[in-house]
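Please read the structure below before turning to the comments.
There are 2 protein chains.
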Amino acid sequence: MARPKSLTHDAIAAAALAVCDRDGLAALSMRAVAAELGVATMSLYRYVADRGELERRIVDRVLGAVDLSVPAVAPWHERVARLADRIRDAVGAHPETVPLLMTHRHASRGLMRCAEAMLEALDEGGFAGARRVVALRAIVSYVNGALQAQHVAPLAGAGTDALAALSTGEFPLLAETARHARAVTAEAEFRGGLEALLRGLATAPGR
Amino acid sequence: MARPKSLTHDAIAAAALAVCDRDGLAALSMRAVAAELGVATMSLYRYVADRGELERRIVDRVLGAVDLSVPAVAPWHERVARLADRIRDAVGAHPETVPLLMTHRHASRGLMRCAEAMLEALDEGGFAGARRVVALRAIVSYVNGALQAQHVAPLAGAGTDALAALSTGEFPLLAETARHARAVTAEAEFRGGLEALLRGLATAPGR
DNA sequence: CTGTTAAGCGTACATCATACGCTTACTATC
DNA sequence: GATAGTAAGCGTATGATGTACGCTTAACAG
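Pasting the structure below:
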């Protein structure tokens, strides 16, 4: 016995993501999202409590789009790597949202989906108890850090050039290392670190 | 032949950091920092180009305070772990700045100091060329991700409790894993993941 | 047709970063 | 010591932001 809603949470998240993709994260505002939907600014507040919730819904949409259908038959570390690649793909499709992912990932059902899939692989790999906790957190930490590094300071970016340029100086090793950075693709970087982590997780120390 | 400056970049960064520490990152504003220093808001713009530069100086101050004096005689992986612990200490002293670290770390001389120190250890460990690039980036990614995870979603926090509470449901492994999280201290988590990564980096795959 | 209810939204406000240009304090020169 | 030149300091103004508050309106139940 009331006026029906004209928007959905899904449409709002899609509109917000569209604004980010098109105009950048800095352009994300309640006004911009409302305009994108063709409604007044304050109408959004019938659907989200505040800007924070809007951001959380963006994150959830990006992470919810991760394709988790990896073959369950592969060895566990390969499954985890495959899942991480899928996350990388999903985030790569919306690079502007990376800072939001960093801030809001914890309150996201989308991340929980990914975590559960990771845990299935880890479980199969024999991880249990505290060891599984550490493994999951390490993987999530690495993936998050790597995604952010790739977006905010890509190896093939201006920062690397700047480092390589200060050939002599107070950071000799850093400069020399930067000069080798061009030989490393973003994918090799991501995979290399991840696989190292997984190899290390496989070889427990005190057992 | 002009009026001398009454502030220094250092004093500004210190004041900004003080605001963050005392009132939280959300309270960080040009006005708040100016008030902290006892000057007018616009006076700050004689020293920093914009708010972004202010934030970068905060990051630089936090990272510049990292104690890099670790014994050079220890095995390389232990040196790296020690350095990472020092970074963790420095960031832990200013937890409110974590989101800034994530956004601005790349343009920070403070991070370059840390990176150079890490590279010294890696060099000693025989890392060179592209392999050294991958190793450094992986370590930096992990440390960043782990620090952020620790502050935005600590294992000993409400998020873990919430996960553990949804005992039955769509995320059974996640819930069960959360229930084991209390047995893992923040330090064990950080160390566990880092040492796994370093172990994995030590064992190169295709060689 | 009409009344009830929640959706939609116009207005207002506090706060933010910051552009612009005036005022002021210091110092170098005489 | 007086004075002029210069950059520091800052007052004011502008446009953007998130969002509180309460009015308007559309849709459905009766």
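Residue numbers (our numbering), protein chains in the order written: chain A, -8 to 198; chain B, -8 to 198. Every residue gets a Cβ at the ideal spot worked out from N, C-alpha and C, and that includes glycine. Quick caveat, the model's predicted, so the values are computed rather than measured.
Taking residue i as part of the alpha helix (DSSP H), name the residues at either end of that continuous run.
i	result
A:Pro163	163 to 170
B:Glu87	No alpha helix (DSSP H) holds B:Glu87; DSSP gives it neither H nor E.
B:Ala106	100 to 115
B:Val53	42 to 55
Kindly indicate which residue of the options has the alpha-carbon position closest to the one of residue i.
i	options	result
B:Ala166	A:Ala149, A:Ala155, A:Glu111, A:Glu167	A:Glu111
A:Asp12	A:Leu(-2), A:Asp1, A:Glu87, A:Lys(-4)	A:Glu87
A:Leu74	A:Glu107, A:Ala98, A:Ala155, A:Arg100	A:Glu107
B:Leu164	A:Val89, A:Phe118, A:Thr94, A:Met33	A:Phe118
A:Arg128	A:Val82, A:Leu188, A:Asp152	A:Leu188
B:Pro62	B:Arg70, B:Gly55, B:Ala56	B:Arg70
B:Pro90	B:Asp76, B:Val53, B:Asp58	B:Val53
A:Val64	A:Leu113, A:Ala149, A:Leu16	A:Leu113
A:Cys105	A:Gln141, A:Ala149, A:Arg173, A:Asp58	A:Asp58
B:Ala195	A:Val24, A:Arg182, A:Gln141	A:Arg182
A:Gly55	A:Tyr38, A:Ser158, A:Asp1, A:Thr168	A:Asp1
A:Ala5	A:Met(-8), A:Ala26, A:Ala(-7)	A:Ala26
A:Leu35	A:Asp51, A:Thr(-1), A:Asp76, A:Glu186	A:Thr(-1)
B:Thr94	A:Val24, A:Gln141, A:Ala31	A:Gln141
So what does DSSP say about residue i, is it helix, strand or coil?
i	result
B:Thr159	coil
B:Ser20	coil
A:Ala269	Any question about residue 269 of chain A goes unanswered here, given that chain A covers just -8 to 198.
A:Ala195	coil
A:Thr176	coil
B:Arg190	helix
A:Gly136	helix
A:Val131	helix
A:Met33	helix
B:Val143	helix
B:Leu(-2)	coil
A:Leu185	helix
A:Ala75	helix
B:Asp152	helix
B:Ala25	helix
A:Asp58	coil
B:Ile120	Per the sequence presented here, residue 120 of chain B reads as Gly, with Ile not at that position. B:Gly120 falls in the helix class under three-state DSSP.
B:Ala214	Since the first and last residues shown for chain B are -8 and 198, residue 214 of chain B lies out of range.
A:Val39	coil
Please report the straight-line C-alpha distance between residue i and residue j, rounded to a whole angstrom.
i	j	result
A:Gln139	B:Arg122	20 Å
A:Val125	B:Ser(-3)	50 Å
A:Leu102	B:Ala84	28 Å
A:Ser132	B:Ser132	8 Å
B:Asp14	A:Gly116	45 Å
A:Val134	B:Val82	20 Å
A:Ile49	A:Asp80	16 Å
B:Ala153	B:His171	13 Å
A:Glu46	A:Ala7	8 Å
A:Gly184	B:Pro(-5)	50 Å
B:Ala98	A:Thr151	11 Å
A:Met109	B:Leu192	21 Å
B:Ala149	A:Arg100	15 Å
B:Trp67	B:Ile130	13 Å
B:Arg173	A:Ile3	37 Å
B:Ala169	A:Leu92	21 Å
A:Ala156	A:Phe162	11 Å
B:Ala9	B:Gly136	24 Å
B:Asp51	A:Ala72	34 Å
B:Val24	B:Gly160	48 Å
Closer than 6 Å to a non-hydrogen atom of the ligand NAP - does that hold for the CB of residue i?
i	result
B:Phe118	The ligand content of the structure shown is nil, which means the ligand NAP is not present either.
task = Check whether the region 35 to 48 of chain B touches the region 8 to 26 of chain B, taking contact to mean three or more Cβ pairs, one atom from each stretch, closer than 8 Å.
result = Two segments are said to touch when three or more pairs of C-beta atoms, one from each, lie closer than 8 Å; by this definition the region 35 to 48 of chain B touches the region 8 to 26 of chain B.
task = Mind the definition here: the region 166 to 180 of chain B touches the region 137 to 154 of chain B only if three or more C-beta pairs lie below 8 Å; say whether that holds.
result = Of all C-beta pairs linking the region 166 to 180 of chain B to the region 137 to 154 of chain B, three or more are shorter than 8 Å, placing the two stretches in contact.
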